[in-house]
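In order, the protein sequences belong to chains U and W.
Everything in the first sequence is counted per this note's numbering, starting at 34 for the first residue and increasing by one.
Everything in the second sequence is counted per this note's numbering, starting at 34 for the first residue and increasing by one.
We treat Cβ as the ideally placed atom computed from N, Cα and C, and that holds for glycine.
Worksheet: the structure to be examined is printed underneath.
There are 2 protein chains.
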Amino acid sequence: MRYCADCGAPVELRTPQDDHRERYVCTSCDTIHYQNPKIIVGAIPEWEDGRILLCLRAIEPRHGLWTLPAGFMENGETTAEGAARETLEEANARVAIHELFGLYNLPYINQVQMLFRATLLDLDFSPGVESLDVKLFKEEEIPWEQLAFRPVRYALESYFADRKAGEFKLHSGDLEPPVRKG
Amino acid sequence: MRYCADCGAPVELRTPQDDHRERYVCTSCDTIHYQNPKIIVGAIPEWEDGRILLCLRAIEPRHGLWTLPAGFMENGETTAEGAARETLEEANARVAIHELFGLYNLPYINQVQMLFRATLLDLDFSPGVESLDVKLFKEEEIPWEQLAFRPVRYALESYFADRKAGEFKLHSGDLEPPVRKG
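Written out as structure tokens, the structure reads:
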């Protein structure tokens, strides 16, 4: 951020009165421009035979890897509405969203990811513009080595474990920056 | 938003290619300025005798009403770290944060509120700059008619009910805009 979104004047980084952190503050109109974490909402869509819907990513990051349908929550919607919208956009799939299942903090990229249990309502799905393919996977068919994001892996591992145990619980995790292989 | 935060040129509202919504897009550098919901994180701090810590608000909105310690989640922290930080800032109180207890959507103001169960670690608390008073309340002492926000009420109601039942569960709710009296 270099300019004030309200008046167009330059901003500077400084700590406002009664605040503990540096913020972008306008040098002309004094507006404080706060920056806060963003929410990723997504679904774990299960079909009636127990298979889970995954999407093959057509976009970066992680083009060509499998993921649960998920994306940035939008203004004006609830977390569950966002999870259903993302599933419709990425997989042209209709779901009933149930309770929050996975809550993952990624503080190094200022994200909170929220993945919800969901029931896939019909088999009339197909790839959205951000997907190359959309498929149902049995637990033993999950492409564990080709998953796009760690929260997807953690949520699926917890999901199958809870399903075997007969009770779904909320799972949380705080993620460190990934170690990049060289 | 009227000006591009990156280059200072005017922005216009339009729907970018492959998008479904109007966004603020820079008329000069084409940067898309997304706007997304913000997260409020807070704690339900319980002392060892079962009393709950509440703060009397010294600031608007709802000056002079009681609330759980809570506020905007900051970049670079986890949801639990944010809930602990807000408790320290508003009540000078140290807590151990436990699992997520209340998840409330307020889509009409683009907020998601997340309230966590917490253990108050000592009695050395005092009002922070945003609080007029900080006190411990037994269930029968809770000032139900002087609570600042509906999620605080809903979370406390669910908390006491779950505590009686002997099991804490995650509670969720989607709030409509409040009906203003008068």
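Going by DSSP in three states, residue i sits in which element: helix, strand or coil?
i, result
"ASP207/W", "strand"
"PRO197/U", "With the sequence shown as reference, residue 197/U is identified as Lys, and Pro is not the correct amino acid for it. DSSP places LYS197/U in helix when its eight states are reduced to three."
"TRP177/W", "helix"
"ARG95/W", "coil"
"GLU132/W", "strand"
"PRO43/U", "strand"
"PRO78/W", "strand"
"GLY104/W", "strand"
"LEU121/U", "helix"
"LEU148/U", "strand"
"LEU154/W", "coil"
"SER191/U", "helix"
"TYR57/U", "strand"
"VAL162/W", "coil"
Leaving out five residues on either side along the sequence, give the residues of the same chain with a beta carbon under 6 Å from the beta carbon of residue i.
i, result
"GLY135/U", "LEU148, ALA188, HIS204"
"HIS96/U", "ARG90"
"SER61/W", "CYS40, ALA42"
"GLU163/U", "ALA91, ILE92, GLU123"
Once you ignore the five residues that flank residue i on each side, which residues in its own chain have a CB closer than 7 Å to its CB?
i, result
"TYR57/W", "MET34, VAL44, LEU46, HIS66"
"LEU133/U", "MET147, PHE149, LEU203"
"GLN179/U", "LEU98, TRP99"
"ALA38/U", "HIS66"
Taking only beta-carbon positions, decide if residue i is within less than 7 Å of chain W.
i, result
"GLN68/U", "yes"
"GLU123/U", "no"
"THR120/U", "no"
"LYS171/U", "no"
"PRO211/U", "no"
"PHE201/U", "no"
"LYS71/U", "yes"
"ASP207/U", "yes"
"ASP195/U", "no"
"ASP51/U", "yes"
Please classify residue i as buried or exposed, where buried requires at least 16 other C-beta atoms within 10 Å of its C-beta.
i, result
"TYR141/U", "exposed"
"PRO184/U", "buried"
"PRO102/W", "buried"
"THR111/U", "buried"
"ALA116/U", "buried"
"THR48/U", "exposed"
"VAL212/U", "exposed"
When the cut-off is 7 Å and only beta carbons count, does residue i lie next to chain U?
i, result
"ALA151/W", "no"
"ALA126/W", "no"
"GLY41/W", "yes"
"GLU110/W", "yes"
"PHE105/W", "yes"
"VAL162/W", "yes"
"TYR36/W", "yes"
Got a sec? Which residues, its chain only, sit under 8 Å from residue i by beta carbon, not counting five neighbours each side?
i, result
"TYR36/W", "ALA42, PRO43, VAL44"
"GLN50/U", "none"
* Is it true that the stretch 107 to 116 of chain W meets the stretch 97 to 107 of chain U, where meeting means three or more beta-carbon pairs spaced less than 8 Å apart? -> With the cut-off at 8 Å, the stretch 107 to 116 of chain W and the stretch 97 to 107 of chain U do not touch.
* Asked: Does the pairing of the stretch 64 to 83 of chain U with the stretch 76 to 89 of chain W give three or more beta-carbon distances under 8 Å?
  -> Segments in contact, no.
* To do: Pair every Cβ in the stretch 193 to 203 of chain W with every Cβ in the stretch 116 to 126 of chain W, then say whether three or more of these pairs are closer than 8 Å.
  => The stretch 193 to 203 of chain W makes no contact with the stretch 116 to 126 of chain W, as fewer than three CB pairs between them are under 8 Å.
* What are the residues of the stretch 128 to 139 of chain U that lie near chain A, defined by any Cβ-Cβ distance shorter than 7 Å? -> In the displayed structure, chain A is absent; the protein chains listed are U and W.
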